[in-house]
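The sequence shown begins at 74 in this note's numbering and counts up by one.
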Amino acid sequence: MFNYNFTIATKIKLALVLFAALTLTAILYLNISIRQNSEISASQKNLVDGQLGYVDTQSTFLSEQKISLGQLELSNKLAASFSSVRFWLYDLSVSWLNESEENFESAKEETEALLVELEKLDSDAAKEISGNLEIFCEKMLEAVDAYVDGNRVLGNSFVAQSRTVGLEIDNRLAGLLAVSQKSVSNTNEKVDSAALLLSTSATDIDLSVDVVVSNNDRLETAAIVSLIVIVILSLGFGFVLINTIIPPIDRIKNTLLLIESNSDLTISTSAESNDELGVTGRALNGMVAKFKHTIENLADMSLQLHSAADHTAEVMNKSSEEVFAQQDSTDQVAAAINEMSHTVQEVAENTVYATDSANIANEAAKDGHDVVVETIQVMNDLSTKVDEACDVISTVSKESTSIGGVLEVIRGISEQTNLLALNAAIEAARAGDSGRGFAVVADEVRTLAQRTHESTAEIQSVIERLQKGASIAVTVMEEGKVTAKKAVEQSESAGEALEAITTAVSKITEVNFQIASAAEEQSAATDEINRRVHHINETATTTSEAIRATASACKEQQELSRKLEGLVNQFKIK
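#1: By alpha-carbon positions, which one of 322, 106 and 199 ends up nearest to residue 345?
#2: Taking one C-beta from the stretch 241–250 and one from the stretch 172–189 each time, how about it: are there three or more such pairs within less than 8 angstroms?
#3: Roughly how many angstroms lie between the CA atoms of residue 481 and residue 587, to the nearest whole one?
#4: Using the C-alpha atoms, what's the distance from residue 369 back to residue 355?
#5: Provide the residue span of the alpha helix (DSSP H) that contains residue 281, from first to last.
#6: Helix, strand or coil: how does DSSP classify residue 645 here?
#7: What are the boundary residues of the alpha helix (DSSP H) that includes residue 197?
#8: Any contact of the stretch 221–239 with the stretch 251–270, i.e. 3+ C-beta pairs under 8 angstroms?
#9: If you check the beta carbons only, do residue 512 and residue 530 fall under 8 angstroms apart?
#10: Which term fits residue 330, buried or exposed, when burial requires 16 or more other beta carbons within 10 angstroms of its beta carbon?
#11: Roughly how many angstroms lie between the CA atoms of residue 277 and residue 111, to the nearest whole one?
#12: For residue 426, count neighbouring C-beta atoms within 10 Å of its own C-beta (all shown protein chains included) and say buried if the count is 16 or more, exposed if not.
#13: With 16 as the cutoff for other CB atoms within 10 Å, does residue 76 come out buried or exposed?
#14: So, at 6 angstroms on beta carbons, what are the nonlocal neighbours of residue 150 in its own chain, with the 5 sequence-adjacent residues on each side left out?
#15: With a 10 Å radius around its C-beta and 16 neighbouring C-beta atoms as the bar for buried, classify residue 158 as buried or exposed.
#16: Output the distance between the C-alpha atoms of residue 164 and residue 270, rounded to the nearest integer angstrom.
#17: Quick one: grab the DSSP three-state call for residue 559.
#18: Taking the C-alpha atoms as reference points, what is the distance between residue 281 and residue 108?
#19: What number of angstroms, rounded off, separates the C-alpha of residue 312 from the C-alpha of residue 304?
#20: For the candidate residues 604, 525, 223 and 214, whose alpha-carbon lies nearest to that of residue 572?
#21: Are the CB atoms of residue 645 and residue 393 nearer to each other than 8 angstroms?
#22: Assess, as a yes-or-no matter, whether the stretch 115–128 is touched by the stretch 180–197 under the definition of 3 or more beta carbon pairs within less than 8 angstroms.
#23: Can you tell me whether residue 198 is buried or exposed, with buried defined as 16 or more other CB within 10 angstroms of its CB?
#24: On the premise that residue 142 lies in contact with residue 257, defined as a C-beta separation below 8 angstroms, what is that separation, rounded to the nearest angstrom?
#25: Under three-state DSSP, which class holds residue 100?
#26: Among 495, 566, 498 and 515, which has the Cα closest to the Cα of residue 527?
#27: Taking 8 angstroms as the cut-off, decide whether the C-beta atoms of residue 301 and residue 81 are in contact.
#28: Helix, strand or coil: how does DSSP classify residue 80 here?
#29: Do residue 137 and residue 237 count as a contact pair if the criterion is CB distance below 8 angstroms?
#30: Just to confirm, is the Cβ distance from residue 471 to residue 514 under 8 angstroms?
#31: Am I right that residue 285 and residue 117 are in contact with their C-beta atoms under 8 angstroms? What's the rounded C-beta distance?
#32: How many angstroms separate the CA atom of residue 184 from the CA atom of residue 213?
#33: Give the single residue among 374, 196, 519 and 385 whose Cα lies nearest to the Cα of residue 498.
#34: Would a C-beta distance cut-off of 8 angstroms place residue 635 and residue 379 closer than the cut-off?
If you want it as C-alpha cells, here you go:
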C-alpha cells in the first residue's frame, strides 16, 4: 500500500482513512452501548424519581404520624395532669395542707402549659377544656373554703358541681385521646404502605443497576479492545511512516550540515522520489543554486561597492578642500564688508560735519551780504554828496575811517569764506567722485572770496589815498566820485557774489543731506550684505561638517564592503 512513488500526504491520508474507519467503528459500538445505558439510566432515573416520590410521601406520612403521636402524647399528658389537679384538690379539701395547695398550683400550671400547646393543634378543644378547668378549680376551692368554715353541705354541693365539670373534662380528653389514637393508626397504615412501595422501587432500581453494570463491563471490554487495535495500528503506521520519511530527511539534513560546516554551495542532495521530501530536496538544490548565484553576484557588487566608496571618498576630499577654500574667501569678504561698513559710517559722520559747516558758511554769507548792502548804501550816499565834499572834508575823513572799519569786517568775512571754501574742497576730495560737484562749487566760492578780499584791499587803498589827499579833495573830487562809483559797483558785485555764495552753500547743504541719506542706505545695504556673507559662511561650515560626515560614511562603507567581501569569501562557489 505504501508505494515508494506515493506522496507522503497520500500515505498519511490512507493511514488516516483506515485509522478513522476503525475509530468510527469503535465509536459506533461505544455509542450504541452508551445509548442503551442512557435508556436504562433514564428508566432508572424514572424509578429513582418514583422512589423519591415515595420517600416524600412517606416523609409526609411520618410527619403526620409525628403530629398524631405528639397529639396523643399531649392528650395523655393532659389527662394525667388534670388527674393530678383533681387529686390535689380533693386532697386539699380533706387535709387542708399547704403542701397539697402548692402541689395543686404546680399541677394547674403544668395543665395550663399543656393547654397552650394543645391550642396550637386544636384551639376549640383547648379553650373548652381551659374554661372547664377554671370552673372546676373554682368550685373545688369554694368547697375547700366551705369545709374550712364547717359547712359541709355547701362544700359537698361545690364538690358535686366540680365533679360534673370534671366529668366533662374527662370526656373531652377521652375524645381527644380517641381521635389521636385513630390518627396514629391511620398514619401508621399509610407509612407501612409507603414503605412497601419504596421497597418495591428499590428492588426495581437494583435490577436496573445490575443491567447498567453488565453493559458497562461490555463497554469497558470494547473500549480496551478498540484502544489496543488503535495502538497497534498507530505503531504500525508510525513504523512505516518512519521508514518512509526519516531516510530522505536524514539525507537533506546531512546535506544542510555539510553546506553549513564547509560553506560549500557546490554540494547538492539526491532527490529521486516524487513525494514531498523529494520535492523538498529538489527545491533545496534549486535554492542552493540560486543562493550560489546570489553570492557570486554579491561578490561582484562588493567589488563595485568598494571601488565606488573609494571614488566617493576622493570626491569628498576634493569637495572638502573646495569648501574650506570657499569658507576662507567668505571670511575675507566678510572682513572687507566690515571695513566698508566702517568707512560708510565715517562718510556719514563727515557728511554731517560738512552740513554743519555749510550752514555756518551760509549764515556768514548772509551776514556779508547785509554788510555789502550797507556798503552800497553808503557809497550811494557818498556819490550824492560828492559836490558837498569840499565842505565836509573832515566828515569824509571820518567816514572814510568808518569805511576802513567796514572793510576790515568784509576782509574778515572774505577770509572766513575762503577758509570755509577750502574745508568744503577738502570734504569734496574725501567724498571722491560723488563730491566733484561739491568741489566745483567750493572752488567758485573760494574765487569769489579772493576777489572780495582783493576788492576790499583796493577800497582800503582808495580810502588811504582819500585820507592823504584830504587837503586836495576839491581838485580830485571828480576822481573820488569815480572811485565812489567804482566802489558802489564793486560792492554790488560783492553782494551778488555773496548771494551766489549763499545759493551755493544751500546747494552744498542739500548735497550733504543727499550724501548722508545715500550713506545711510549704503550702510543698511552693507549690513545686509554682511549678514548674508555670515549666513554663507555658516552654510559653508554646515556643508563642511556634512562633507566630513559623508567622508566618514564613505570610510564606513569601505569597511563594510571589505567585511562583505570577507563574508562572501567564506562560501565556496567554484
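In this text, a Cβ means the ideal position worked out from N, Cα and C, and glycines have one as well.
Put simply:
#1: Minimum Cα-Cα distance from residue 345 among the listed residues 322, 106 and 199 corresponds to 322.
#2: No: fewer than three Cβ pairs fall under 8 angstroms.
#3: Those two C-alpha atoms are separated by around 36 angstroms.
#4: Residue 355 and residue 369: Cα-Cα distance of roughly 21 angstroms.
#5: Unbroken alpha helix (DSSP H) run through residue 281: 225–335.
#6: The three-state secondary structure of residue 645, taken from DSSP, is strand.
#7: Run containing residue 197: 196–222, per the alpha helix (DSSP H) assignment.
#8: Flag = no, the stretch 221–239 and the stretch 251–270 do not touch.
#9: Against a cut-off of 8 angstroms, the Cβ pair of residue 530 and residue 512 comes out as no contact.
#10: Exposed is the call here.
#11: If you draw a straight line from the Cα of residue 277 to the Cα of residue 111, it comes to about 17 angstroms.
#12: It is exposed - the Cβ of residue 426 has fewer than 16 other Cβ atoms within 10 Å.
#13: With a pLDDT of 49 at residue 76, under the threshold of 50, the predicted position of this residue should be treated as unreliable, though the coordinate-derived value follows. So residue 76 counts as exposed.
#14: So the list reads 187, once near-sequence residues are dropped.
#15: Taking every protein chain shown into account, the CB of residue 158 has 16 or more other CB atoms within 10 angstroms, so this residue is buried.
#16: A direct Cα-to-Cα measurement between residue 164 and residue 270 gives close to 55 angstroms.
#17: Helix.
#18: In this structure, the CA atom of residue 281 is about 15 angstroms from the CA atom of residue 108.
#19: Looking at the two C-alpha atoms, the distance is approximately 12 angstroms.
#20: Ranking the options by Cα distance to residue 572, first place goes to 525.
#21: No, these two residues do not count as a Cβ contact at 8 angstroms.
#22: The answer is no - the stretch 115–128 does not touch the stretch 180–197, with fewer than three Cβ pairs under 8 angstroms.
#23: Answer is buried; the Cβ neighbour count reaches 16.
#24: Going by Cβ atoms, the distance from residue 257 to residue 142 rounds to 6 angstroms, so yes, they are a contact pair.
#25: In the three-state DSSP reduction, residue 100 falls in the helix class (H, G or I).
#26: Proximity to residue 527 across 495, 566, 498 and 515 peaks at 566, based on C-alpha coordinates.
#27: The Cβ-Cβ distance between residue 301 and residue 81 does not fall below 8 angstroms.
#28: Three-state DSSP puts residue 80 in coil, outside helix and strand.
#29: The Cβ atoms of residue 237 and residue 137 lie no closer than 8 angstroms to each other.
#30: Not a contact, by the Cβ cut-off of 8 angstroms.
#31: 7 angstroms between Cβ atoms; contact.
#32: Taking the straight line from one Cα to the other gives about 16 angstroms.
#33: When the alpha-carbon of residue 498 is set against those of 374, 196, 519 and 385, the nearest one is in 519.
#34: With contacts defined as CB atoms closer than 8 angstroms, residue 635 and residue 379 qualify as a contacting pair.
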